[in-house]
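The numbering used here puts the first residue of the sequence shown at 5, with every later residue one more than the last. We treat Cβ as the ideally placed atom computed from N, Cα and C, and that holds for glycine.
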Amino acid sequence: MHLCVVGTGYVGLVAAACFAEMGNHVICVDSNPNVVDTLNSGKIHIFESGLEDIVQRNVSEERLHFTGDLAEGIKYARFIFNCVGTPPQADGSCDLSYVYRVAEQVGQVMTEPKIVITKSTVPVGTADRIHAIISGELEKRGLEIPFDVVSNPEFLKEGDAVSDFMKPDRIIIGTDNPDVAEEMESLYAPFARSREKLLLMSIRSAELTKYAANCMLATKISFINEVANICEQVGADIKDVRMGVGSDHRIGYHFIYPGVGYGGSCFPKDVNALIHTASDHGYVPELLNAVDRVNQNQKRMLAEKIKAFYEDKGGIKGKTLAIWGLAFKANTDDIRESRSIPAIAELLRLGAEVVAYDPMAAESMKKIYPAIAYTDTAAQALVDADGCLIMTEWGEFKALDSEFDAMSDRVVIDGRHMIDPKTIQSEIDYIGICW
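Below, the structure written as structure tokens:
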């Protein structure tokens, strides 16, 4: 099949590469000529495990091509995937300008029937607006070309996105056209040997499903953080409580890890977007508002614990603090809504010197904090440091022990429960977030 994918971020590039891997002919469109050139050379501009090999293989075998020209991209394509970003606005709503701009351009250049598929995370009703925009552009050209708009939300975890796409838990297809549903089923057949994974529903239901899924996961994180805070007040151990709760198969252990709260490009944006959507329709989403408040409180709690600990040590000013982890989670270089960003800001405001390490995300963080020090290893960041903040759950941090002996003051502030002070040989002052 011939496909066009618009946008080469985590969603678009993974989708384009995986569709090509299954034998489809894919043209991926991006407005940045430097990105297009990089991708056509077989290199990728983001970090995602296993993705570059797939891109290189399919570029070399001429199933995957990149261009800055949308007309070229959609010329032979039956399916057009809209995978551009929907960043949050100040009021919590989604900025849909990129999505709508793609719709305008499709309407301006399409010459034959198309299926326009929204993979970007968008509020309920966006598909209706996309349909109206494309229809309006066709009308300006004096053309009547049939087309359909489909909602096909992505459910990819950064760091494991390729595996998620190739072996999905479910594939949501939102359309009211049975013929289009059949075409979409054929396209996804190689990824869903079991038809039970293909879930057909209305467009609006598909749009809401993505938000509901992410908000549920965010709710689990805020819930366990709330319980952890209660544990700290009453003298209970959150590790034991978590094991007791998670052993119930109805709940499970996934996403009940207490820490500094959720970040990234999805959960904060999607929780606030669904709050905004509900409010626009006259409904007050009490639970979602609480989920967001708890998450915001976790950020403040970290700063408060740091300040309280160093108060008896003459304050933070002039201290050197190592930051372990800059990405919002492990196995990615994405720093969007990373908990490290406000933590570094607060430390600098209080007069601390910051030395940071992350195996993947340092270059991205340098764009925000170019003046702080960065090291090539976690151990180097500890040398002569007065404290260490663990902000990302990189597995390598669990293997370090004697490296703490290089610190001037062996203080570990663990925001991700990566260190068990009872099992390491180095003597440290351990401060756990929600511990």
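Consult DSSP for T115 and reduce its assignment to one of helix, strand or coil. Coil at T115, not helix or strand.
Return the residue from the list P157, G16, D183 and A19 that minimises the CA-CA distance to S209. Nearest to S209 by alpha-carbon distance, out of P157, G16, D183 and A19, is P157.
Leaving out five residues before and five after N28 in sequence, what residues of the same chain have Cβ atoms less than 6 Å from its Cβ? Residues of the same chain with a CB within less than 6 Å of the CB of N28, apart from the 5 flanking positions on each side, are M5 and L7 in chain order.
Look at the Cβ atom of I320, then the Cβ atom of A356, and state whether they are nearer than 8 Å. Result yes, Cβ atoms of I320 and A356 sit closer than 8 Å.
Report the rounded CA-to-CA distance for D274 versus N218, giving the unit in angstroms. In a straight line, the C-alpha of D274 is about 7 Å away from that of N218.
If we count the other Cβ atoms within 10 Å of its Cβ and call it buried at 16 or more, is K123 buried or exposed? K123 sits buried, since 16 or more C-beta atoms from the chains shown fall within 10 Å of its C-beta.
Cβ-based burial, D337 [other Cβ within 10 Å; buried from 16]: D337 should be labelled buried.
Beta-carbon proximity list for S430, same chain, < 7 Å, skipping 5 on both sides: In chain order, D405, S406, F408, D409 and R414 place their CB closer than 7 Å to the CB of S430, counting only its own chain and leaving out the 5 sequence neighbours on each side.
Give the range of the beta strand (DSSP E) segment to which T130 is assigned. First-last for T130: T130 to K144, but that is the alpha helix (DSSP H), not the beta strand (DSSP E).
Looking only at its own chain, which residues have a Cβ that is under 8 Å from the Cβ of Q237, when we skip the five neighbours before and after it? Around Q237: no qualifying Cβ.
Judging by CA-CA distance, which residue of V9, G129 and Y14 is the nearest neighbour of S269? Nearest to S269 by C-alpha distance, out of V9, G129 and Y14, is Y14.
Kindly provide the ranges of any beta strand (DSSP E) runs that are 3 or more residues long and lie completely inside the region 157-183, ordered along the chain. Listed in chain order, the complete beta strand (DSSP E) runs (minimum 3 residues) inside the region 157-183 are 175-178.
Which class does G16 belong to by DSSP, given the choice of helix, strand or coil? Collapsing the DSSP output to three states places G16 in a helix.
Taking DSSP's pairing of strands, which residues face V288 in a bridge? DSSP output for V288 lists no bridge partner at all.
So, using beta-carbon positions, are I137 and M114 closer together than 8 Å? If you check the CB distance, I137 and M114 do not come in under 8 Å.
Helix, strand or coil at A185 according to DSSP, with G and I counted as helix: In the three-state scheme derived from DSSP, where H, G and I count as helix and E and B as strand, A185 is classed as helix.
Cα separation between M247 and Y257? Whole-angstrom Cα-Cα distance: 8 Å.
Distance check for E25 and H421, CA to CA, integer angstroms please. Rounded to whole angstroms, H421 to E25 spans 38 Å at the Cα level.
My assumption, with CB atoms under 8 Å, is that N44 sits in contact with V63. Please give the rounded CB distance. Contact holds; Cβ gap of about 7 Å.
With contact counted as at least three CB pairs below 8 Å, one residue from each stretch, are the region 52-62 and the region 91-99 in contact? They do not touch, by the three-pair rule.
With DSSP as the reference, label N36 as helix, strand or coil. N36: coil per DSSP, three-state reduction.
Going by DSSP, name the residue or residues bridged to S155. Note: S155 sits in a beta bridge opposite T122 and G178.
Tell me the residue span of the alpha helix (DSSP H) that contains M369. Counting along the chain, the alpha helix (DSSP H) containing M369 begins and ends at A366 to K370.
For H49, which residues of its own chain have a beta-carbon under 6 Å away from its beta-carbon, when the five flanking residues on both sides are left out? Around H49: V39 and T42.
Helix, strand or coil at E357 according to DSSP, with G and I counted as helix: Collapsing the DSSP output to three states places E357 in a strand.
What three-state label does DSSP hand D440 in the structure shown? Nothing about residue 440 can be reported from this structure: the residues present for the chain run from 5 to 439 only.
Please classify S190 as buried or exposed, where buried requires at least 16 other C-beta atoms within 10 Å of its C-beta. Counting C-beta atoms within 10 angstroms of its own C-beta, S190 has fewer than 16 neighbours from the protein chains shown and is therefore classed as exposed.
According to DSSP, which residues form a beta bridge with P92? The partner list for P92 (beta bridge, DSSP) reads C98.
Quick one: using the 10 Å Cβ neighbour count with 16 as the cut-off for buried, is K118 buried or exposed? Burial state of K118 is buried, judged by a 10 Å Cβ sphere holding 16 or more other Cβ atoms.
Do the CB positions of G399 and L306 come within less than 8 Å of each other? Taking 8 Å as the Cβ cut-off, G399 and L306 do not qualify as a contacting pair.
Identify every residue that forms a DSSP beta bridge with L68. Bridge partners of L68: V30.
Less than 8 Å between the C-beta atoms of I339 and S368, yes or no? In this structure, S368 lies closer than 8 Å to I339 by Cβ.
Let me know the secondary structure DSSP gives G436 once reduced to three states. Shown here, G436 sits in a strand according to DSSP, grouped into three states.
Quick check on DSSP: helix, strand or coil for G250? In the structure shown, G250 falls within a helical segment according to DSSP collapsed to helix, strand and coil.
Between which two residues does the alpha helix (DSSP H) containing G228 stretch? A small correction: the amino acid at residue 228 is Ile; Gly does not occupy that position in the sequence shown. For I228, the uninterrupted alpha helix (DSSP H) segment begins and ends at I207 to V238.
Mind checking I255: buried by the 16 CB within 10 Å criterion, or exposed? Classification for I255: exposed.
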